[in-house]
Amino acid sequence: MAIQDFSPPSLATMDRLLAVSRHYFAPRLLGADNVDPQRPALFVGNHGLYGLIDSPLFVLELYRQTGVFPRALGDRVHFRVPGWGPLLKRWGAVEGNPDNCTQLMQAGQPVLVFPGGAREVAMRKDEVHKLVWKQRTGFARMAIEHGYDIIPFASAGCDEAYRVLVDGNDFQQSWLGRTLLKRPRLDKLLRGGDMFMPLSRGVGPTLIPKPEPLWFQIGEPISTAPWAGREGDGDACWAVRETVAASIYSMLGSLNQERAVARKQGWRRWLL
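Numbering (my numbering), first residue to last: 2 to 273.
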């Protein structure tokens, strides 16, 4: 089946599957009026720690308020995991590469990408609410090439649901890490230690995430028309990337200020 051939699940199905997570994290989406359901766009945002909590809830709230169900571009590592990869495909995700992105955009479908990929979800202790995009500009190039607007969005709260105890830097500098990374297969799997998922704790000493209120904000669309025809120009792609990053950082700042009040309300304050 071609990747363009996809029918999203019903809102009722998503609500049912994410009911526990939705009540626990109380997601809130701001800025939905910046989305035009009739105009396909590339949604670009920050990835929270582990990437398993905030992403589904963002898609759910976006779907609820706008009727838009974006096709997610995922890191290739997801699609190598038995059971997990097919599940993601069932929910519309595809491996994030230029060919797949081109097919989706040529079909006029809404697309979602986290430029930080797997590295961003493997958050270091000093990377709370930080973009870890390295030198990546691929999303900007694809948007310019296909004339897609970019809709930036910010996700706040997930990075604080856990306290990171041992991160990738600790692993790389440890005797165990140095020993394991000498093995070519492990070094490749962990991408030199970049893919080491941090060891964390949530509520008390447990792995249960703290009930951080998850707030999302969608920014104003960024037109790529000023850079039309310049997808091969590194400076143009970098300019688009930095414009998107600046928008996300601005939204993160305001979200965290407003969210600070919500964190102190009700039963949550006893667990945060």
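Heads up, the beta-carbon is just placed ideally off N, CA and C, and yes, glycines get one too.
Because the structure is a prediction, the values reported are computed rather than measured.
Contact belief for residue i with residue j at Cβ below 8 Å, rounded distance in angstroms
i, j, result
"A27", "P210", "No, A27 and P210 are not in contact; Cβ-Cβ is about 13 Å, not under 8 Å."
"V36", "I151", "12 Å between Cβ atoms; not a contact."
"V69", "P116", "That pair is no contact at about 20 Å."
"A162", "I249", "No, A162 and I249 are not in contact; Cβ-Cβ is about 19 Å, not under 8 Å."
Residue closest to residue i, alpha-carbon to alpha-carbon, out of the options
i, options, result
"N170", "F197, G75, Q107", "F197"
"A157", "D100, G46, I4, T103", "G46"
"D34", "V78, L63, L181, W85", "L63"
"R23", "E161, I54, V78", "I54"
"G118", "R192, L30, R186", "R192"
Paired residues, beta bridge with residue i - DSSP
i, result
"M150", "According to the sequence displayed, residue 150 carries Asp and not Met. Answer is A42."
"W268", "DSSP lists no partner for W268."
"A164", "Residue 164 is actually Arg in this sequence, not Ala. Answer is R202, bridged to R164."
"G75", "E96"
"A157", "W216"
Enclosing beta strand (DSSP E) for residue i [first to last residue]
i, result
"R288", "Residue 288 falls outside the range modelled here, since the chain spans only 2 to 273, and no answer is possible."
"I219", "216-219"
"V114", "112-114"
"L58", "Unbroken run through L58 is the alpha helix (DSSP H), 55-67; no beta strand (DSSP E)."
"L191", "Taken as a continuous stretch (DSSP letters only), L191 belongs to no beta strand (DSSP E), as it is neither H nor E."
"R29", "29-31"
Span of the alpha helix (DSSP H), counted from its first residue to its last, around residue i
i, result
"L12", "12-18"
"L208", "Taken as a continuous stretch (DSSP letters only), L208 belongs to no alpha helix (DSSP H), as it is neither H nor E."
"W228", "Note, W228: premise wrong, no alpha helix (DSSP H); not H, not E."
"F172", "169-174"
"V241", "235-263"
"W85", "85-91"
Three CB pairs or more closer than 8 Å across the region 232-252 and the region 194-210: no
With a cut-off of 8 Å, do at least 3 Cβ pairs link the region 85-96 to the region 122-141? no
Determine, using beta-carbon pairs with one atom in the region 214-225 and one in the region 55-65, whether at least three such pairs fall under 8 Å. yes
Do the region 253-264 and the region 164-184 meet, that is, are 3 or more Cβ pairs less than 8 Å apart? no
The region 97-108 in contact with the region 69-80 per 3-pair CB rule at 8 Å: yes
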